[in-house]
Amino acid sequence: MRNSFYICLLLALFTSCKENQDITTFDLNQRYLNFSQTDTTALTYDINYLGTSEYSFALEEQETNVKKVGIPIAMAGKMPEQDLNYTVAVNQELTTLPKDAYTFDPFIYRKGRVKDSVFVQVKKIEAMKTKKFILVLDIVENENFKVGHNKATSFQLTVSNMLSEPSWWSRYTDYMGPYYPEVYQQWIYTYVEGADPTLSPVTNKPYLYWGNMPTYIPNLPEDYPILYHHILKLKKYFQENVVYPNGDSSKPRILLP
Numbered sequence: 207m208r209n210s211f212y213i214c215l216l217l218a219l220f221t222s223c224k225e226n227q228d229i230t231t232f233d234l235n236q237r238y239l240n241f242s243q244t245d246t247t248a249l250t251y252d253i254n255y256l257g258t259s260e261y262s263f264a265l266e267e268q269e270t271n272v273k274k275v276g277i278p279i280a281m282a283g284k285m286p287e288q289d290l291n292y293t294v295a296v297n298q299e300l301t302t303l304p305k306d307a308y309t310f311d312p313f314i315y316r317k318g319r320v321k322d323s324v325f326v327q328v329k330k331i332e333a334m335k336t337k338k339f340i341l342v343l344d345i346v347e348n349e350n351f352k353v354g355h356n357k358a359t360s361f362q363l364t365v366s367n368m369l370s371e372p373s374w375w376s377r378y379t380d381y382m383g384p385y386y387p388e389v390y391q392q393w394i395y396t397y398v399e400g401a402d403p404t405l406s407p408v409t410n411k412p413y414l415y416w417g418n419m420p421t422y423i424p425n426l427p428e429d430y431p432i433l434y435h436h437i438l439k440l441k442k443y444f445q446e447n448v449v450y451p452n453g454d455s456s457k458p459r460i461l462l463p
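Per our numbering, the sequence shown starts with residue 207, numbered consecutively.
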């Protein structure tokens, strides 16, 4: 696992200020700050701002108790020539994460950058095993930055110590069976980054791992033979190791199709 968890995003600059109710005039001598946005689509140039993301300690080694999460931010306007303070406030009305379960690195926007990150240290607590907690952040204007695009001035980070069923699982039930957290956890240990040298048709670099699964698999064994090989390894693991759903031996043991 990586030492730092970064929310994967493509950053872009602001769109037309006509779309922003908070900026009546875009002044190039000012600086505007917002949470980052997803990439502009090639055909429509529509921008979809990412307002939420989720992190789970269940994706880490068991001994991991604190994690640094980087939440990307972007600016427009006058480029900083020196490091500048910015202001982010915790929305106490919406936040459910206990105050003693998070701390922030100093809110410093580094000079010469059009993008940076808000870094928050999140602490694992026992209640995260059964409940998801949210941390809601709001960008606040200060002497260095005005508030940017009104669609991207708030960000919600959801934190837990649970494994949720990934969106791709339903496409793999013929190979992995119904979703069990125990199977997903073992899949994370099995199909790690770097285990599959299959190259991306876009970047020509390896790109497949448990966190980036192909969603179109009409003939998985032939189309993705290395991925399929790792599924067979997963199947063998549950053949050789008796695992019950949630540790309940009154239920049938977990076996893959």
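From the three backbone atoms N, C-alpha and C, an ideal C-beta is built for every residue, glycine too.
For V294, which residues from the same chain have a beta carbon less than 8 Å from its beta carbon, with the 5 sequence-adjacent residues on both sides left out? Cβ neighbours of V294 beyond the five flanking positions: F310, F313, V324, L343, D344, I345, V346.
So for D233, helix, strand or coil by DSSP? Looking at D233 - three-state DSSP - the assignment turns out to be coil, as it is neither helix nor strand.
Verify whether the separation of the beta carbon atoms of Q327 and G257 is less than 8 Å. For Q327 and G257, no; Cβs fall outside 8 Å.
Is Y397 closer than 8 Å to L369 when the C-beta atoms are compared? For the 8 Å CB-CB criterion, L369 and Y397 do not form a contact.
Strictly by DSSP, which residues pair up with F325? According to DSSP, which records beta bridges pairwise, F325 is partnered with G276.
Using beta-carbon positions only, say whether K457 and P451 come within less than 8 Å of one another. Their beta carbons are under 8 Å apart, which means K457 touches P451 by this criterion.
By a C-beta neighbour count over all protein chains shown, 10 Å radius and 16 as the cutoff for buried, is N235 buried or exposed? By the neighbour-count rule (16 or more Cβ atoms within 10 Å), N235 is not buried but exposed.
Using 10 angstroms around the beta-carbon of N367, count the other beta-carbons present and answer buried if the total reaches 16, otherwise exposed. With 16 or more other Cβ atoms inside 10 Å of its own Cβ, N367 counts as buried.
Assess, as a yes-or-no matter, whether the segment 372 to 388 is touched by the segment 405 to 423 under the definition of 3 or more beta carbon pairs within less than 8 Å. Inter-segment contact for the segment 405 to 423 and the segment 372 to 388 is present: three or more beta-carbon pairs are separated by less than 8 Å.
Return the chain-ordered list of same chain residues with a C-beta closer than 7 Å to the C-beta of D322, the five sequence neighbours on each side being excluded. When the five nearest sequence neighbours on each side are left out, the beta carbons in the same chain lying within less than 7 Å of the beta carbon of D322 are those of I279, Y315, R316, in order along the chain.
Considering I340, what are the terminal residues of the beta strand (DSSP E) in which it resides? Start and end: 339 to 346.
If you drop the 5 nearest sequence neighbours on each side, which residues of the same chain put their C-beta closer than 6 Å to that of M334? These residues qualify, in order along the chain: S366, N367.
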